[in-house]
Amino acid sequence: MRNVLAPIVILSFTTASIADDFNASLFGHSVEIYGEAEETMHLDGKPTITDGRLTIDEITIVNGIPTLVGNSLSGGNACEGSPFIISFPPSGQPRIDGPIEGADCALVTRKVEDTAITFSTAPSAGRVGKIWVWTPSAGLAEQASVEMQPDLTEGFATLRERAVKHPSDLFSYGEISSAISDLLGPDLGAYRETLDGTGSGKFVGDDYVGTACTPHMCGLREALVFVSAKEHRVYAAWKPDQKKIEVRPPLDD
């Protein structure tokens with residue numbers, strides 16, 4: 009059945025790549041996306057979802073029901089989009105589920121299976137991982153969240169692999185995560201949340217330095233981390249909103 013969709017998928021994505029607007033006939037219904045300041049999806053001429061930008065990402069079959077998966081983006085580069093689903097039951101009108109709420113700007117990945125689609129965000133330093141399961145009959149259902157679990161076998165020595173892509177990745181290293189927790193104490197929660205924001209880092213010799221800021225609040229809420237591989241020590245600084253910069257260990261240590 010999914011092979012039958014190949015020409016439709018090709019047509020849809022070719023149409024979308026030629027222009028910003030999208031216009032196609034899918035499963036007996038018209039699907040259009042157009043707009044200037046904002047884009048709106050129209051089903052059979054009826055306006056439905058509106059956001060800064062709307063995309064069509066996949067057309068598939070789930071439990072025998074033709075299904076379209078799209079993404080709703082508000083604009084900017086600080087937040088990822090929120091998926092939405094449109095299903096086309098053989099009898100009745102198209103059904104719309106989403107855009108998914110509660111993703112907290114995280115990247116939402118999806119796994120399409122025969123009877124369901126699972127959407128998920130990865131747990132990170134400042135937020136839990138979330139899971140949503142969509143079925144044609146029940147729509148979207150949020151599942152239990154997943155906490156980030158540090159790998160207790162990894163620590164300062166593991167930095168030599170140079171695998172840290174974002175400063176918040178340090179919390180996945182058991183030894184380093186424990187060192188940061190001991191260093192920050194009651195301020196750990198606020199620091200983790202800020203360090204999990206928009207950020208980057210680099211290695212300076214064997215040491216690592218990273219910076220991050222809260223999305224849409226860069227310059228107001230920022231955090232820095234420096235990990236000395238040789239000393240097996242962590243240095244942290246962060247700026248809460250409307251407050252002075254905090255440094256750990258204190259500068260007089």
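Quick note, the sequence shown lines up with residues 9 to 261 if you use the working numbering.
We treat Cβ as the ideally placed atom computed from N, Cα and C, and that holds for glycine.
Model, not experiment: these values are computed from the prediction.
When DSSP builds the beta bridges, which residues end up paired with residue i?
i	result
F92	G78
S236	R241
E47	D59
R229	DSSP output for R229 lists no bridge partner at all.
V217	K210 and F234
T68	T75
S128	T117 and I139
I104	I94
I41	F30 and M49
K54	L51
K247	E230
E254	W246
State yes or no: is the C-beta of residue i within less than 9 Å of the C-beta of residue j?
i	j	result
G134	G213	no
L76	S95	yes
F127	L148	yes
S33	R61	no
H240	E183	yes
E150	L115	no
H50	E66	no
G218	G207	yes
P294	I64	With the chain running from 9 to 261 in the structure shown, residue 294 is simply not present.
A198	P248	yes
H37	D59	no
F179	V235	no
G72	P144	yes
I125	I93	yes
T222	E201	yes
E109	P131	no
A237	L167	yes
T68	V120	yes
Q211	R256	Reading the sequence as shown, one finds Phe at residue 211 and not Gln. Going by C-beta atoms, F211 is not nearer than 9 Å to R256.
Give the secondary structure of residue i by DSSP, where H, G and I count as helix, E and B as strand, and everything else as coil.
i	result
A24	Per-residue confidence for A24 stands at a pLDDT of 41, beneath the threshold of 50, marking its modelled position as unreliable; the derived number appears in the next sentence. Reduced to three states, the DSSP call for A24 is helix.
L34	strand
L259	coil
V17	Low confidence applies here, because V17 scores a pLDDT of 45, under 50, leaving its location unreliable and the question unanswered by this model.
At least three beta-carbon pairs within less than 8 Å, the region 134–141 to the region 160–174: No, the region 134–141 does not touch the region 160–174.
Ranges of the beta strand (DSSP E) found wholly within the region 132–201, counting only runs of at least 3: Runs of the beta strand (DSSP E) inside the region 132–201: 139–143 and 147–150.
The region 190–208 in contact with the region 230–244 per 3-pair CB rule at 8 Å: yes
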